[in-house]
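Visitor: Got a structure here, written out as structure tokens. Questions coming.
Protein chains in written order, with the numbering used here: chain A, 356 to 1057; chain B, 356 to 1057.
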């Protein structure tokens, strides 16, 4: 999106509301613009001043009469729309609206924000804000913000929906020496949002890692598209808050009840390759890791330590985190045996012993880093009497030089005695912590990103054959004309059949004769159920008969059910009686869909049957673009998969058919946004090659 | 255990191996003893010196001729047993053996360690070590160690099985101003272990928190007893490493297969009230929290912040951690409304807004701390322009003074701009972090401890009636005489009945007539199964017949099964055919037992049936002392409990009977250590008042 270039790298900037009075935001912004080293033109706008800080001031942007790339606006909210209008007339294309007092203060503010947005749209202007701290790019350089701190130059782009957090992080990172390429406060996101800035930063040569703190997403579909692309170019790490407000989900389907409020974000982030941080500590530990270390080729970690206990703790941590302890080659072990003292630990973790000086660390690290079975290395240093923290740090830096493709992290477990060594590492860009856990957690983040890069990009379910869209439309048309939103079982089965989903045969019969002729067609035994939108508990009113073996039984059942239902609920409208074929029992699965406001339909798969909400063995994916490969991974996340592979000596089930059904359900709910909820529970799965039967299909439309 | 008093508070100490040569461990220890301010007598022992550091030296402890309370031994390992012998003869009762070269170096060292331990036993000496850094008590004061750092006085007792970690922590804590009451290196734990030191520290008036790093436990049973008592006196926080080595558990029972290698520790720690840390960061964050904050009365947290975003993040964290956001009283909200600006957030989190100075924080904190619905408080401070970090810290300290029963934690989210305020808090003993997460994690630790203190202590299952020990013994005797370890189903049922566990009626019949008479007695229908220790898959050889409705069918089944089995496996020894009553189907549960080397029998409860290993819905407890109340909690941890309460409109099951069966199984496996494995799967649970039926009972003995 070339559009944003002038936003982060403008040639000229007007500061509307610029002021000579210390303490005013307009003063801080102007000072920041000047002191940032911005080398374009700066135009202070203030009707009461001739010049500010030695720069000629203008009453309005219109008066400048030269091209202005960007205007930073810091005037009272009520005046902002007019100022924006002037900017529009003057041909300014980019606004940073610092002023607060919009959507965040209530309905009147929202009204004002809408006016502002309309002005922007009218003049084709892009806007950051309103209600932002501003925008910083350390490489341009520009500091169009009222932040008190201008960060060190670095490779991290940080976009924050909370201005306070942004200011806090700038203050905090200054102490730790962490550098940024860009820091942007997102504010009310009335126009530009994290999506635009992620897209732009993905192509920014100065940015290596993209970091976000967000509280919501404005356009889930665009987020998915843009971020999925960006995440393949560089790591996108997001802390999304507001995960705990469970809210009162009024879900009437199984699938809806199983999906928590945070689920859609979890699934969406995962599917578009976002690395999700769950705390601020994690967000910044990951940022440091990605900025400073290469992405490893795999998950095999080597540990070199001068003490046993910490080595064990680190080993636990590696394995509990889902990483692997590297198994060294025979050559490595042999060389370590020759070079290290006889009491040293030669296997992973390598224990160079408490009396190790830097040279012994160097020897061990050389062998370990060179081992092809090692993907990343953690060096633990405890302060023993002879430990050489600084020289050991130098050895670590040499190894980074010699093995640039392998991440090396350090844990210097101590205080004063190790401080110089730890400081040397941090300044030289080797992540160094007090305890091993954050080092290992960071490596895990790197490894996950490597896995994403190794996942081939895939298209969705576009190559499915035999989808009868018009058939489905016709059924929905009839249902709506009948003033219903919930489909009858026979209607839902018809819809399923239109999309090649193997529904168990079921038909609505209105007379005993019809019931018999339908049963004859599908074959015995059959089940019969009253079809009435008002009757929810069919069994309770004598509305269900099972195991009917012949025409006589079907005929009798028809009359019985009608009599029962009329007896219990004389007022109920009855559509007829549904006749369904009784299928041989298979493994019970559920395939379902719930719809997320932001990200659209989510597909669920897992163990089905009456215990579905008890067992909660369900895996979710976004329906959009769901590939067969991803479905296979989805299946593997469930216990149901163990059944499908053939549990306790049983034959494997027809997994191919399961994958196919999930693809077809995904296609159906993507093609028809009017399907608000859908459950197939149970789906009976049979042996390999024998397919499935979708027994009970519930579809609700809107 | 008054025994340890002279170990941590000796009146006189001999340093064996004391040396004048800098760099020698015996030199460091003597220096440390002197510089620690130890006010008892110090006797350097060195046959080559007349005096060291101006103190008269002795050739041997025997030569002192005055009472010596403790000897610190730092001579080559090979000489240690002789030195210990001399100490014994001289009447020394406490040894700290610093020397390494024992168990940790292999078989010869182990031999030496055994000799040393025997000497100690012979003379009634207690020993710390060998292979330790030593022992520090800052209140005595004494530094009988070779640690380079003598910690600040404080209220944390730290016991570490890793000497290197101990030294690292002392170095690290010196920088952070963390103080300790005692620091003890546990080494090889040949005599004294963490159990002894925890027991002693529980009664040490200078210790408020007990902290341990351990790699194993020497005596699980004593650990449980001692630590359960200690944990009610003060918090015991343990980091136990070696959790990930899954090891090759050759478990033949369901229960054994479901129990991971770390499970016994997890269950044992939980049951005796240990607060388990899972990382070094967590260990020390918890230590700080317990040392510096009171234990709150409940789990309701209030947050006061000057910025929205961090408030949301903290709220998420509170809820995701299992704590609750406090709901303020109407009065509090009304008072906040009066005192705070109109845009302020009055509900929890309280947002005092970005322009809040210290006075506004003070106002808000006063109201929030006084609210009876608030148990603990987290204060977030972001660096806005007008923020007053130091004065805000002072306000926080005032609140701690005014509300000493409520923990107040702070997160100062920034660097340089907030450093002075954060420093003030830390020095004054208010835990202050950069990000909110560790503050909230620490509060959770405090809340857990409060829950432990509120759990009444309970005896075990001693009041169970109708336990026929001799009956069980007789059955085991017969099985062993028959050279078997696995009981037949009918034998296992008999054992169960001896302990009042309602086994489904099952008897071994050796003739068709016997089978019929047994079936007549128990009532039809029945199941018949071949009883042969060699036949594992009874169905495969035609060894099972179900649903037998009368005497004729039983008679025929007997002959059929015998014929089938003889046909398939002519060599198999057949004990006869087991006749079992067919019970009405109930909810399928599992009750089982697996035995841990350290902690004895573990009881499992959960969803049973053929899918038990698939669903893995199992909760574990130590059998020893398992109370009915604890069993209720155990049940609630499982999905099976949802079934028991009556799932989807079903009537509740007989939960009382389930609790009773678990108590009886616990009693059985505690009384009979020879039971190595036991599974009851399924147990059928029926409606309230209808009890259970233990269908398939497997018992293996040794």
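For each residue, glycine too, the CB sits at the ideal point set by N, CA and C. Since the model is a prediction, treat every value here as computed from it, not as a measurement.
(1) Checking 7 Å against the spacing of the C-beta atoms, do residue 770 (chain A) and residue 748 (chain A) come in under that value?
(2) For the beta strand (DSSP E) containing residue 775 (chain B), list its first residue and its last residue.
(3) At the 7 Å Cβ level, is residue 894 (chain B) part of the contact set with chain A, yes or no?
(4) In whole angstroms, give me the CA-to-CA distance for residue 828 (chain A) and residue 971 (chain A).
(5) Let me make sure I understand the geometry here. Which of A:402, A:403, A:385 and A:691 has the alpha-carbon closest to that of residue 396 (chain A)?
(6) Determine the burial state of residue 963 (chain B): buried for a count of at least 16 other Cβ atoms within 10 Å of its Cβ, exposed for fewer.
(7) Should residue 592 (chain B) be listed as close to the ligand FMN, given that the test is whether its C-beta is under 6 Å from any heavy atom?
(8) Which residues mark the beginning and the end of the beta strand (DSSP E) in which residue 537 (chain A) is found?
(9) At 8 Å on the CB atoms, spell out the chain A contacts of residue 969 (chain B), in chain order.
(10) How many Å lie between residue 856 (chain B) and residue 1018 (chain B) at the Cα?
(11) Does the CB of residue 440 (chain A) have a neighbour CB from chain B at under 7 Å?
(12) Which chain A residues sit within Cβ distance under 8 Å of residue 516 (chain B)?
(13) Give a yes or no on whether the minimum CB-CB distance between residue 802 (chain B) and chain A is below 7 Å.
(14) Check residue 768 (chain B) in the structure and name its three-state DSSP category.
(15) So, helix, strand or coil for residue 736 (chain B), using DSSP?
(16) How many Å lie between residue 768 (chain B) and residue 706 (chain A) at the Cα?
(17) Roughly how many whole angstroms lie between the Cα atoms of residue 927 (chain A) and residue 889 (chain A)?
(18) Say whether chain B places a C-beta atom closer than 7 Å to the C-beta of residue 790 (chain A).
(19) Which residues bound the beta strand (DSSP E) around residue 721 (chain B)?
(20) If you run the structure through DSSP and keep just helix, strand and coil, what is residue 1043 (chain B)?
(21) Does any residue of chain A have a CB that is nearer than 7 Å to the CB of residue 345 (chain B)?
(22) Return helix, strand or coil for residue 486 (chain B), following the three-state DSSP convention.
(23) What does residue 738 (chain A) reach in chain B if we use C-beta pairs closer than 8 Å?
(24) Buried or exposed: which applies to residue 359 (chain A), given that a residue is buried once 16 or more other Cβ atoms fall within 10 Å of its Cβ?
(25) Does any CB atom of chain B fall closer than 7 Å to the CB of residue 634 (chain A)?
(26) Determine the contact status of residue 713 (chain B) and residue 750 (chain B), defining contact as a CB-CB distance below 7 Å.
(27) Under the assumption that residue 959 (chain B) contacts residue 975 (chain B) (Cβ atoms under 8 Å), give the Cβ distance between them as a whole number of angstroms.
(28) Going by beta carbon distance, what residues of the same chain come within less than 6 Å of residue 653 (chain A), once the five residues before and after it are set aside?
(29) In chain order, what are the residue ranges of uninterrupted alpha helix (DSSP H) at least 4 long that sit wholly in the region 966-1049 of chain B?
(30) If the cut-off is 9 Å on Cβ atoms, which residues from the region 558-574 of chain B count as contacting chain E, listed in chain order?
(31) Can you check whether the CB of residue 736 (chain B) is closer than 7 Å to the CB of residue 763 (chain B)?
(32) Tell whether a beta-carbon distance below 7 Å holds between residue 536 (chain A) and residue 488 (chain A).
(33) Have a look at residue 987 (chain A) and residue 947 (chain A) and give me their C-alpha separation to the nearest angstrom.
(34) Under 7 Å, CB to CB, which of the residues in the region 747-770 of chain A have a partner in chain B?
(35) According to DSSP, residue 961 (chain B) sits in a beta bridge with which residue or residues?
(36) In chain B, which residues lie less than 9 Å from residue 654 (chain A) when you measure between Cβ atoms?
Guide: Reading it off the structure:
(1) no
(2) Taken as a continuous stretch (DSSP letters only), residue 775 (chain B) belongs to no beta strand (DSSP E), being part of the alpha helix (DSSP H) at 771-783.
(3) no
(4) 33 Å
(5) A:385
(6) buried
(7) With respect to the ligand FMN, the structure shown offers nothing to examine, as it has no ligands at all.
(8) 534-540
(9) 994, 997, 998 and 1002
(10) 10 Å
(11) no
(12) 664
(13) no
(14) coil
(15) strand
(16) 38 Å
(17) 6 Å
(18) yes
(19) Careful: residue 721 (chain B) lies outside any beta strand (DSSP E), inside the alpha helix (DSSP H) at 713-725.
(20) coil
(21) Beyond the ends of chain B as shown, which are 356 and 1057, falls residue 345 (chain B); an answer cannot be given.
(22) coil
(23) 503, 522, 523 and 526
(24) buried
(25) yes
(26) yes
(27) 5 Å
(28) 730
(29) 967-970, 983-991, 995-999 and 1010-1026
(30) The structure shown contains no chain E; its protein chains are A and B.
(31) no
(32) no
(33) 16 Å
(34) 768, 769 and 770
(35) B:945 and B:973
(36) What residue 654 (chain A) touches in chain B: nothing, since even the nearest Cβ is about 14 Å away.
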